[in-house]
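Residue numbers (the UniProt record's numbering): 1 to 131.
Set out below in structure tokens:
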């Protein structure tokens, strides 16, 4: 029974890693590539690690696998966010069919300030009161 679970989880893990690789090649801009790669590869690697834990069935291997899975689940989204944010700030273009740019007008390239809606509204009110 364990062998069947190992086959299923390792097969699904390999499939998700393959889909991440295909998505990296097929997506039109860097932001979509980051999204596909982070989600599919994290799930794929997690499933492969679960297959390894099921295969060995030892406490030491299982605890290491769980530690690595938790580490990947914590660091992969943060790393992808930082890469995407840096890409946006250095000027990588969005895909031409992307019609929503949530950061447009909120980033000051000279001071590297990123303003939220509350700060933008506050600055607009200050500018109106000065004029």
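Don't be surprised by glycine CBs; every beta carbon is placed ideally from N, CA and C.
To which residues of the same chain is residue 19 closer than 7 Å at the C-beta, ignoring the five residues directly before and after it? Cβ neighbours of residue 19 beyond the five flanking positions: 40.
Beta carbon of residue 84, beta carbon of residue 34: below 8 Å? Result yes, Cβ atoms of residue 84 and residue 34 sit closer than 8 Å.
Which term fits residue 217, buried or exposed, when burial requires 16 or more other beta carbons within 10 angstroms of its beta carbon? It is not possible to answer for residue 217, since the shown part of the chain is limited to 1 through 131.
Going straight from the alpha carbon of residue 64 to that of residue 6, what length do you get? Straight-line Cα distance between these residues: approximately 17 Å.
Touching or not, the segment 44-56 and the segment 88-99, by the rule of three or more beta carbon pairs under 8 Å? Inter-segment contact for the segment 44-56 and the segment 88-99 is absent: fewer than three beta-carbon pairs are separated by less than 8 Å.
Who pairs with residue 108 in a beta bridge, going by DSSP? Answer is 113, bridged to residue 108.
Assign residue 31 to one of three DSSP states: helix, strand, or coil. If DSSP states are grouped into helix, strand and coil, residue 31 belongs with the helices.
Complete runs of the beta strand (DSSP E) confined to the segment 39-65 [at least 3 residues]: Taking only runs of at least 3 residues, no beta strand (DSSP E) segment lies wholly in the segment 39-65.
What is the C-beta distance between residue 53 and residue 61, in whole angstroms, given that I count them as a contact (C-beta under 8 Å)? Under the criterion of beta carbons closer than 8 Å, residue 53 and residue 61 qualify as touching, at roughly 6 Å.
Excluding sequence positions up to five away, which residues of its chain have a Cβ less than 8 Å from the Cβ of residue 103? Excluding the 5 residues flanking it on each side, residue 103 has same chain C-beta neighbours closer than 8 Å at 88, 114, in chain order.
Assuming residue 49 and residue 69 form a contact by the criterion Cβ under 8 Å, report the distance between their Cβ atoms to the nearest whole angstrom. Separation of the CB atoms of residue 49 and residue 69 is rounded to 6 Å, and the pair is thereby assigned contact status at 8 Å.
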